[in-house]
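Colleague: Same order as they appear, the protein sequences are chains A and B. Here the first sequence stands for residues 117 to 264, where the numbers follow my numbering. Here the second sequence stands for residues 51 to 133, where the numbers follow my numbering. Backbone N, C-alpha and C fix where the C-beta goes; we use that ideal spot for every residue, glycine too. These numbers come from a predicted model, not from an experiment. Quick one: this structure, given as structure tokens, is what I'll be asking you about.
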Amino acid sequence: MTARISIQTGDFDVSREIAALTGVQAHVGAVATFTGIVRGDDGLIALTLEHYPGMTEREIARHADEANARWKLDGITVIHRIGRLETGAQIVLVAVASSHRGDAFAACEFLMDYLKTRAPFWKQEERADGTHWVEARESDDRAAERWR
Amino acid sequence: MTLLYFAWLRQKIGKSEEQLELPPHITTLAELVEYLRGQGSGYADTLADTTRIRAAVNQTHVGLDTAIRNTDEVAFFPPVTGG
């Protein structure tokens with residue numbers, strides 16, 4: 117199983133990432149993807165993302181290994197953008213390749229839930245009246261808890 | 051010891067990184083937090099409420115009862131909000 121992990125300021129091309137995963141093994145029969153978008157509600161102008169270089173990559177790699185141990189996977193791609201992202205921008209991609217859809221769907225959701233609660237990223241919201249740091253949500257913690 | 055601060059902790063303390071010669075009587079993260087609170091009002095205010103703070107030692111999430119050494123990389127940050 118190969119895992120590609122990228123923390124980057126630039127955008128990503130979902131169809132190119134799917135094509136890369138489809139090519140890793142001849143028996144890939146499914147690629148499940150989740151794309152997160154900066155949601156433009158409540159007057160949000162942009163998000164600025166900060167992370168902990170080194171720890172971020174380690175945490176994501178650890179959870180990619182755990183996903184690979186739980187399900188039968190052929191490839192994982194996790195891309196998370198940092199820096200200033202305006203509403204409508206792509207912010208995160210999790211893509212999982214497997215022989216069958218069940219494993220691909222489950223591993224994709226597992227990885228997203230852990231990205232939300234364990235990967236060291238922090239979002240700052242920018243609105244007309246200034247900036248403030250986003251508070252962590254209990255619903256995200258509960259979503260990650262169910263995989264224990 | 052390398053100390054790292056992220057998000058609003060970085061802003062309130064006013065720096066992202068610093069080096070500290072760990073006093074020998076400090077053996078846990080909780081004792082380090084107590085020590086840092088004595089290093090000026092910026093630290094005292096930022097570290098006042100430990101329920102709002104998370105920590106990592108050598109890039110692994112840990113609790114405040116964790117043992118630490120002078121060679122460690124210690125990071126303090128708010129609960130994460132990525133994804």
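Give me the Cα-Cα distance between residue 201 of chain A and residue 98 of chain B, rounded to the nearest whole angstrom.
Modeller: For the purposes of this step, residue 201 of chain A is taken as residue 85 along the first sequence, with counting starting at 1. For the purposes of this step, residue 98 of chain B is taken as residue 48 along the second sequence, with counting starting at 1. Each residue's alpha carbon lies about 32 Å from the other.
Colleague: Between residue 187 of chain A and chain B, is there a C-beta pair that is closer than 8 Å?
Modeller: For the purposes of this step, residue 187 of chain A is identified with residue 71 of the first sequence, where counting begins at 1. Not an interface residue.
Colleague: Going by DSSP, what residues sit across from residue 168 of chain A in a beta bridge?
Modeller: As a working note, residue 168 of chain A is residue 52 in the first sequence. According to DSSP, residue 168 of chain A bridges with nothing at all.
Colleague: Please determine if the stretch 81-91 of chain B and the stretch 211-231 of chain A are in contact, where contact requires at least 3 C-beta pairs separated by less than 8 Å.
Modeller: Contact between the stretch 81-91 of chain B and the stretch 211-231 of chain A is absent, because fewer than three Cβ pairs lie under 8 Å.
Colleague: Check the C-beta distance from residue 250 of chain A over to residue 241 of chain A and give it rounded, since I have them as a contact under 8 Å.
Modeller: Translated into the one-based positions of the first sequence, residue 250 of chain A becomes position 134. Translated into the one-based positions of the first sequence, residue 241 of chain A becomes position 125. Sure, about 6 Å apart at Cβ, within 8 Å.
Colleague: Using CA atoms only, rank isn't needed, just tell me which of B/125, B/101, B/95 is closest to residue 108 of chain B.
Modeller: Within the second sequence, residue 108 of chain B is the residue found at index 58, counting from 1. Nearest option by C-alpha distance: B/125.
Colleague: So, using beta-carbon positions, are residue 134 of chain A and residue 147 of chain A closer together than 8 Å?
Modeller: As a position in the first sequence, residue 134 of chain A is number 18, starting the count at 1. As a position in the first sequence, residue 147 of chain A is number 31, starting the count at 1. Yes, the Cβ-Cβ distance between residue 134 of chain A and residue 147 of chain A is below 8 Å.
Colleague: When you compare the CB positions of residue 119 of chain A and residue 177 of chain A, do they come within less than 8 Å of one another, or not?
Modeller: Residue 119 of chain A sits at position 3 when you count from the first residue of the first sequence. Residue 177 of chain A sits at position 61 when you count from the first residue of the first sequence. Yes, they are a contact pair.
Colleague: Write down the C-beta distance between residue 58 of chain B and residue 128 of chain B rounded to the nearest angstrom, noting that I regard them as a contact closer than 8 Å.
Modeller: On the second sequence, position 8 is the one that residue 58 of chain B refers to. On the second sequence, position 78 is the one that residue 128 of chain B refers to. About 6 Å separates the two Cβ atoms, so the contact holds.
Colleague: When Cβ atoms are compared, which residues of the stretch 215-247 of chain A fall closer than 8 Å to chain B?
Modeller: Result list: 228, 231, 232, 233, 234, 235, 236, 237, 238, 239, 240.
Colleague: Under a Cβ-count criterion, where at least 16 other Cβ atoms within 10 Å of its own Cβ denotes burial, should residue 214 of chain A be classed as buried or exposed?
Modeller: As a working mapping, residue 214 of chain A is identified with position 98 in the first sequence. By the 10 Å Cβ count, residue 214 of chain A comes out buried.
Colleague: For the stretch 114-128 of chain B, which residues have a beta carbon sitting closer than 8 Å to at least one beta carbon of chain A?
Modeller: Cβ contacts with chain A: 125, 127, 128.
Colleague: Under 8 Å between the Cβ atoms of residue 93 of chain B and residue 87 of chain B?
Modeller: What you label residue 93 of chain B is simply residue 43 of the second sequence in a count that begins at 1. What you label residue 87 of chain B is simply residue 37 of the second sequence in a count that begins at 1. In contact: residue 93 of chain B and residue 87 of chain B (Cβ atoms closer than 8 Å).
Colleague: Exposed or buried, which one is residue 119 of chain B when buried takes at least 16 other CB atoms within 10 Å?
Modeller: Taking the first residue of the second sequence as 1, we reach residue 119 of chain B at position 69. Flag for residue 119 of chain B reads exposed.
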